[in-house]
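Chains V and Z, in that order, are what the protein sequence lines are. FYI, the working numbering numbers position 244 of the first sequence as 244, with every residue one higher than the one before it. FYI, the working numbering numbers position 35 of the second sequence as 35, with every residue one higher than the one before it. Note that the Cβ used here is the ideal one computed from N, Cα and C, for glycine as well.
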Amino acid sequence: MNLFSAIGDFSSFFFRSLFIPWQLRQSRDRIVHQVYEVGIGSLPIILVIAAFAGLVSIVQTSYQVAGTVPRYIMGMTVGRMVMIELAPILTALMVSGRCASSMAAEIGTMRVTEQIDALEIMAIDPYRFLSLPRIIGTFIALPVLTVIAELDALLVSGAYAHFFLDVPFGVFNYGLTNLFYARDFFGGLVKSLFFALVIATAGCYYGFNVRGGAREVGRAATYAVVTASILVLALDFLVALVIFG
Amino acid sequence: MTKRLKETLVGVFVVFGVIIFIVLYIWLSRKMFFSNTYDVRVQFEDVDGLRVGDPVFVFGLEKGKVKSLRIESGRVNVILAIDRDVILPEGTQITVRSLSYIGADKYVKITPGHGDRIPEVHYGSGGSFELEALAGQIDSLVMKFGSIELPDLDAAARRLSADLNRSIERLLKMIEGPVGKIDTLASRMDSLAILLQGEGAIGQMLRSDELYQELRETNSALKALIQDINDNPKKYINIRVF
Chain V
1 MNLFSAIGDF SSFFFRSLFI PWQLRQSRDR IVHQVYEVGI GSLPIILVIA AFAGLVSIVQ
61 TSYQVAGTVP RYIMGMTVGR MVMIELAPIL TALMVSGRCA SSMAAEIGTM RVTEQIDALE
121 IMAIDPYRFL SLPRIIGTFI ALPVLTVIAE LDALLVSGAY AHFFLDVPFG VFNYGLTNLF
181 YARDFFGGLV KSLFFALVIA TAGCYYGFNV RGGAREVGRA ATYAVVTASI LVLALDFLVA
241 LVIFG
Chain Z
1 MTKRLKETLV GVFVVFGVII FIVLYIWLSR KMFFSNTYDV RVQFEDVDGL RVGDPVFVFG
61 LEKGKVKSLR IESGRVNVIL AIDRDVILPE GTQITVRSLS YIGADKYVKI TPGHGDRIPE
121 VHYGSGGSFE LEALAGQIDS LVMKFGSIEL PDLDAAARRL SADLNRSIER LLKMIEGPVG
181 KIDTLASRMD SLAILLQGEG AIGQMLRSDE LYQELRETNS ALKALIQDIN DNPKKYINIR
241 VF
């Protein structure tokens with residue numbers, strides 16, 4: 001399969017999964033389950049990585065600008081870094097690693113054990129039954145995780161600046177709030193919406209396309225994570241180009 | 001885990017996310033739902049890179065933000081959201097300035113006037129104080145100074161010192177002869193002074209009032225004698241041939 005046919009196949013899978021008659025009453029439980037799996041299941045790890053992202057960003061900012069610009073600039077720099085890039089990207093990559101692989105493995109196992117064929121025989125649309133709830137669930141959970149990651153990173157970086165870098169929280173907050181542009185905040189969240197779509201789609205796509213046995217299931221999980229990560233970064237560039245370019 | 005519990009957790013998670021979203025936005029943008037500000041309309045010729053959200057300072061205190069920017073009939077119409085405790089009467093000066101040396105971030109500086117009425121539209125001046133331009137000029141000046149190659153000041157100082165030493169030596173040699181003569185002259189002057197001040201004849205002559213009086217009297221007598229000789233020459237000069 002060449003690159004273009006792969007892109008076409010992936011896109012048609014995405015549209016086929018989403019643009020079907022929604023039966024929310026039937027899918028509701030599965031969507032709730034996916035929000036739980038992706039959102040609440042990923043929350044602890046997201047809190048940890050966001051805290052470290054905040055720490056790294058404030059330390060790096062301090063290292064690079066301390067003594068040359070007013071200290072409140074640190075608040076502005078960290079705020080923009082976290083809102084525009086760090087929180088959406090790190091959250092998306094973490095969810096890719098954690099959830100896209102599990103989706104691919106789960107659906108791939110169903111494929112090799114012919115459960116998906118059984119669904120079709122029972123006249124249940126496997127896309128609506130398996131793909132749609134995962135895509136919608138990730139679409140709901142990822143922005144929430146991103147917002148939580150942003151708050152976590154900003155609070156941790158502000159606290160570190162206050163206690164270890166001699167930058168009072170008031171000064172940090174001054175830079176953070178005075179040089180705040182709503183576009184930065186909403187731009188990061190818009191990114192996370194796009195990321196959610198590609199992460200869930202990649203997981204489901206590789207799961208649906210498993211042919212063979214357990215080995216292929218493992219390989220599908222790997223492909224799902226790799227593809228989701230690449231798509232996340234590519235979309236990051238495209239969305240940044242549109243919103244901030 | 002029961003289905004009911006899972007649904008509750010998911011609901012809490014989503015609501016929690018929405019609350020954090022709202023809290024984060026209010027915190028960062030410092031926008032409250034019940035605004036305590038009012039809009040002030042200002043027209044600028046040029047806003048010099050001002051953006052929505054930039055701060056507004058009144059007497060150096062932050063008292064608002066830039067709400068919107070729009071070009072209308074060849075001018076930039078700026079709406080400022082100003083705290084209600086700030087009143088901007090006629091004569092208010094509104095300018096756009098730079099917040100920092102390196103940044104392109106701007107702020108609006110307001111100095112309230114003392115007029116009687118509050119105008120509907122204020123007129124501001126943009127870029128009246130070009131901090132970046134000034135900084136650029138300073139940078140270029142520093143670069144020009146940096147490119148000037150200074151001579152070896154240490155060597156020049158050493159040469160100057162050697163020249164000075166040589167000149168001083170020549171000068172000392174030149175004044176060596178005159179100095180001896182001056183010494184001699186000074187010693188003679190001293191001797192003369194001692195002579196004049198001493199008890200000798202010259203000293204006494206110089207200091208004696210009696211001698212002075214005698215000399216005057218002698219002089220007067222001499223004048224009288226000369227006069228008498230002129231008047232009566234025969235009295236004194238008696239020339240006989242035979």
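Just reading off the beta strand (DSSP E) that residue i is part of, what are its end residues?
i                : result
Glu72 of chain Z : Leu61 to Glu72
Phe57 of chain Z : Pro55 to Val58
Rounded to whole angstroms, what's the CA-CA distance from residue i to residue j? Just pull it up for me.
i                 : j                 : result
Ser128 of chain Z : Thr95 of chain Z  : Note that Ser128 of chain Z scores a pLDDT of 47, beneath 50, so its modelled location is shaky and nothing firm can be said.
Val66 of chain Z  : Val144 of chain V : 30 angstroms
Lys6 of chain Z   : Phe13 of chain Z  : 10 angstroms
Thr68 of chain V  : Ser102 of chain V : 47 angstroms
Phe44 of chain Z  : Ile148 of chain V : 41 angstroms
Gly75 of chain V  : Gly158 of chain V : 8 angstroms
Leu18 of chain V  : Leu132 of chain V : 6 angstroms
Pro119 of chain Z : Val42 of chain Z  : 10 angstroms
Ala240 of chain V : Leu233 of chain V : 10 angstroms
Ala23 of chain V  : Arg128 of chain V : As written in the sequence, residue 23 of chain V is Gln, which differs from the Ala given in the question. Spanning the two alpha carbons is a distance of roughly 8 angstroms.
Asp105 of chain Z : Ser98 of chain Z  : 6 angstroms
Tyr63 of chain V  : Ala81 of chain Z  : 36 angstroms
Leu88 of chain Z  : Ile19 of chain Z  : 37 angstroms
Arg188 of chain Z : Ile229 of chain Z : 45 angstroms
Lys235 of chain Z : Glu217 of chain Z : 23 angstroms
Glu214 of chain Z : Ser220 of chain Z : 10 angstroms
Thr37 of chain Z  : Arg30 of chain Z  : 12 angstroms
Ala123 of chain V : Ile73 of chain V  : 60 angstroms
Arg170 of chain Z : Leu211 of chain Z : 54 angstroms
Gln197 of chain Z : Val179 of chain Z : 26 angstroms
Gly49 of chain Z  : Ile58 of chain V  : 28 angstroms
Gly11 of chain Z  : Leu189 of chain V : 20 angstroms
Ile116 of chain V : Phe21 of chain Z  : 38 angstroms
Ser125 of chain Z : Asn173 of chain V : 30 angstroms
Applying a beta-carbon distance threshold of less than 7 angstroms, which residues of chain V neighbour residue i?
i                 : result
Ser29 of chain Z  : Phe180 and Ala182
Asp105 of chain Z : Leu179
Gly64 of chain Z  : Those within 7 angstroms of Gly64 of chain Z in chain V number zero; the least Cβ separation is about 12 angstroms.
Alpha carbons only, please: which of the options is nearest the one belonging to residue i?
i                 : options                                   : result
Asp236 of chain V : V:Leu24, V:Glu85, V:Arg183 and V:Ile107   : V:Glu85
Glu62 of chain Z  : V:Leu179, V:Leu151, V:Thr61 and V:Gly79   : V:Leu179
Val23 of chain Z  : V:Phe185, V:Ser96 and V:Ser57             : V:Phe185
Val56 of chain Z  : Z:Thr218, Z:Lys109 and Z:Ile26            : Z:Lys109
Ser229 of chain V : V:Ile89, V:Met110 and V:Glu150            : V:Ile89
Val65 of chain V  : V:Gly54, V:Thr77, V:Leu55 and V:Tyr181    : V:Thr77
Arg134 of chain V : V:Glu114, V:Val112 and V:Val95            : V:Val95
Leu197 of chain V : V:Ala161, V:Gly175 and V:Phe139           : V:Phe139
Thr92 of chain Z  : Z:His114, Z:Leu211 and Z:Ile182           : Z:His114
Leu28 of chain Z  : V:Leu151, V:Ala104 and V:Leu189           : V:Leu151
Leu231 of chain V : V:Arg16, V:Gly203 and V:Val82             : V:Gly203
Gly137 of chain V : V:Ser57, V:Val38, V:Phe164 and V:Val217   : V:Val38
Ala105 of chain V : V:Ala200, V:Asn2 and V:Ser12              : V:Ala200
Phe10 of chain V  : V:Phe244, V:Gly213, V:Val217 and V:Asn209 : V:Asn209
Ile45 of chain V  : V:Phe244, V:Leu165 and V:Thr91            : V:Thr91
Val121 of chain Z : Z:Ala224, Z:Leu172, Z:Ser147 and Z:Asp39  : Z:Asp39
Thr61 of chain V  : V:Leu165, V:Ala6 and V:Thr227             : V:Leu165
What residues from chain Z crowd round residue i, counting only those whose CB sits closer than 8 angstroms?
i                 : result
Leu151 of chain V : Ile20, Val23 and Leu24
His33 of chain V  : Lys6
Ile140 of chain V : Val14
Give the DSSP bridge partners of residue i, in chain order.
i                 : result
Ser161 of chain Z : DSSP lists no partner for Ser161 of chain Z.
His122 of chain Z : Z:Val42
Ile94 of chain Z  : Z:Ile110
Asn77 of chain Z  : Z:Gln43 and Z:Arg70
Asp83 of chain Z  : Z:Thr37
First and last residue of the alpha helix (DSSP H) that includes residue i?
i                 : result
Asp117 of chain V : Gln115 to Ile121
Pro44 of chain V  : Gly41 to Val65
Phe169 of chain V : Phe169 to Asn178
Gln253 of chain V : The displayed coordinates of chain V run from 1 to 245. Any statement about residue 253 of chain V would go beyond what the structure contains.
Pro89 of chain Z  : It is not in any alpha helix (DSSP H) - Pro89 of chain Z carries neither H nor E in the DSSP assignment.
Pro233 of chain Z : Pro233 to Tyr236
Val69 of chain V  : From DSSP, Val69 of chain V is part of no alpha helix (DSSP H); its letter is neither H nor E.
Closer than 9 angstroms by beta-carbon distance: list the chain Z residues that pair up with residue i, in chain order.
i                 : result
Val144 of chain V : Phe13, Val14, Phe16, Gly17, Val18, Ile20 and Phe21
Asp236 of chain V : In chain order: nothing, as chain Z lies at least about 20 angstroms away.
List, in order along the chain, the chain V residues whose C-beta lies closer than 9 angstroms to that of residue i?
i                 : result
Lys109 of chain Z : Under the 9 angstroms cutoff, chain V gives no residues; its nearest Cβ is about 15 angstroms from Lys109 of chain Z.
Pro119 of chain Z : What Pro119 of chain Z touches in chain V: nothing, since even the nearest Cβ is about 28 angstroms away.
Can you pull the chain V neighbours of residue i, defined as C-beta to C-beta under 8 angstroms?
i               : result
Leu9 of chain Z : Tyr36 and Ile40
Lys3 of chain Z : Asp29
Taking residue i as the query, report the chain Z residues whose CB atoms sit under 7 angstroms from its CB, ordered along the chain.
i                 : result
Phe185 of chain V : Tyr25 and Leu28
Val147 of chain V : Gly17, Ile20, Phe21 and Leu24
Leu176 of chain V : Leu28
Hey, is residue i's beta-carbon within less than 8 angstroms of any beta-carbon in chain A?
i                : result
Gly53 of chain Z : Any reference to chain A falls outside this structure, whose protein chains are V and Z.
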